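Participant:
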Ligand SMILES: Cc1cc2nc3c(=O)[nH]c(=O)nc-3n(C[C@H](O)[C@H](O)[C@H](O)COP(=O)(O)O)c2cc1C
């Protein structure tokens, strides 16, 4: 196994960091790795905002409710961004591009581009001995994050990524079996996936019971049903439309 795959397979989210900042060189290397990710038609439909200002970090912490948003070596916010293209069309080249930019397709392009960049950043950071945690809980109040970061139209905050020197070593969290997640040539009906999901539930019960902190009685199916049986962040749809994205 090569060192890149070893590092990828060693991933676990880190939520407690040592009190040590990143150097500018480290930040630049992580961002350059992010930017080198593949991007749909070279559109690069995202922007990364590095958060250094303690007051802004604190405001983002209040939205997410997670201590690691306040206490980390560096934080990035990944934004879907179609604003550059809108400006080039409308202000620079005098060519309307709005109808296209406002489609669901372009929201997917922006979200996929930002996610690929973020995962490149994560792998780069982890390869440098740093730990990472994604922060979707910024969408607990997406409008507030938008306002804190002063995002213009056609730009939406998607998620954060906190980085730092790990001050914990949680056990690696098991994933659904390959037989459930990887299908060949055709979609594998749910009935064929089910026994692997049951096996995973048993594995997760053991994992939660025996891990070194925050032990509990739980499994994946129970978690998912709890999570999906109540509406979540329903304000995201009107917010995205208010930014002139996903309108058609
Ligand atoms: C898009 C995204 C958003 C996430 N948001 C949060 C978050 O707000 N807070 C947090 O502590 N973890 C967050 N996570 C981390 C997941 O909970 C974690 O990746 C998952 O439980 C698997 O655990 P592992 O990363 O340790 O393997 C997020 C992960 C992703 C990919």
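Residue numbers (our numbering): 89 to 336.
The C-beta atom is built at its ideal place from N, Cα and C for all residues, glycine as well.
Just so it is clear, the structure is predicted and the values come from calculations on it, not from any experiment.
Below 8 Å on the Cβ atoms is my contact criterion, and I expect residue 156 with residue 103 to pass it. Report the Cβ-Cβ distance as a whole number of Å.
Facilitator: 4 Å
Participant: Can you give the Cα-Cα distance for residue 268 and residue 313, rounded to whole angstroms?
Facilitator: 18 Å
Participant: In this structure, does DSSP put residue 135 in helix, strand or coil?
Facilitator: In the structure shown, residue 135 sits in a strand (DSSP, three-state: E or B).
Participant: Is the beta carbon of residue 92 within less than 6 Å of some heavy atom of ligand 1?
Facilitator: no
Participant: Any heavy atom of ligand 1 closer than 6 Å to the beta-carbon of residue 166?
Facilitator: It does not: the Cβ of residue 166 is nowhere closer than 6 Å to a heavy atom of ligand 1.
Participant: Between the beta-carbon of residue 205 and the beta-carbon of residue 279, is there less than 7 Å?
Facilitator: no
Participant: So, with DSSP's three-state summary, where would you put residue 222?
Facilitator: Strand.
Participant: In the DSSP assignment, what residue or residues form a beta bridge with residue 162?
Facilitator: 251
Participant: Under 8 Å: do the region 215-234 and the region 90-103 share three or more Cβ pairs, one atom per stretch?
Facilitator: yes
Participant: Taking a contact to mean a Cβ-Cβ separation below 7 Å, would you say residue 307 touches residue 293 in this structure?
Facilitator: Cβ atoms of residue 307 and residue 293: closer than 7 Å.
Participant: Consider the C-beta atom of residue 104 and the heavy atoms of ligand 1; say whether any pair is separated by less than 6 Å.
Facilitator: no
Participant: Less than 6 Å between C-beta atoms, sequence neighbours within five positions excluded: which residues of the same chain meet that for residue 165?
Facilitator: 137, 245, 248
Participant: Quick one: what does DSSP say residue 180 is sitting in, helix, strand or coil?
Facilitator: Reduced to three states, the DSSP call for residue 180 is helix.
Participant: How many angstroms separate the CA atom of residue 132 from the CA atom of residue 309?
Facilitator: 36 Å
Participant: Based on the DSSP output, what are the partners of residue 169 in its beta bridges?
Facilitator: Note: residue 169 is bridge-paired with 243 in the DSSP secondary-structure output.
Participant: Which one of 107, 184, 95, 89 has the shortest CA to CA distance from residue 256?
Facilitator: 107
Participant: DSSP has residue 105 in a bridge; who is on the other side?
Facilitator: The bridge partners DSSP lists for residue 105 are 254.
Participant: Specify, as a first and last residue, the run of the alpha helix (DSSP H) that residue 314 falls within.
Facilitator: 308-316
Participant: Enumerate in chain order the residues of its own chain whose CB-to-CB distance from residue 273 is below 6 Å, with the five nearest sequence positions on each side excluded.
Facilitator: none
Participant: Out of curiosity, what's the CA-to-CA distance linking residue 318 and residue 135?
Facilitator: 31 Å
Participant: Could you please give the first and the last residue of the uninterrupted alpha helix (DSSP H) stretch that includes residue 326?
Facilitator: 324-330 is the span of the alpha helix (DSSP H), which, as asked, contains residue 326.
Participant: So for residue 121, helix, strand or coil by DSSP?
Facilitator: In this structure, residue 121 counts as helix in the three-state DSSP scheme.
Participant: Mind checking which residues open and close the alpha helix (DSSP H) that includes residue 146?
Facilitator: 142-152
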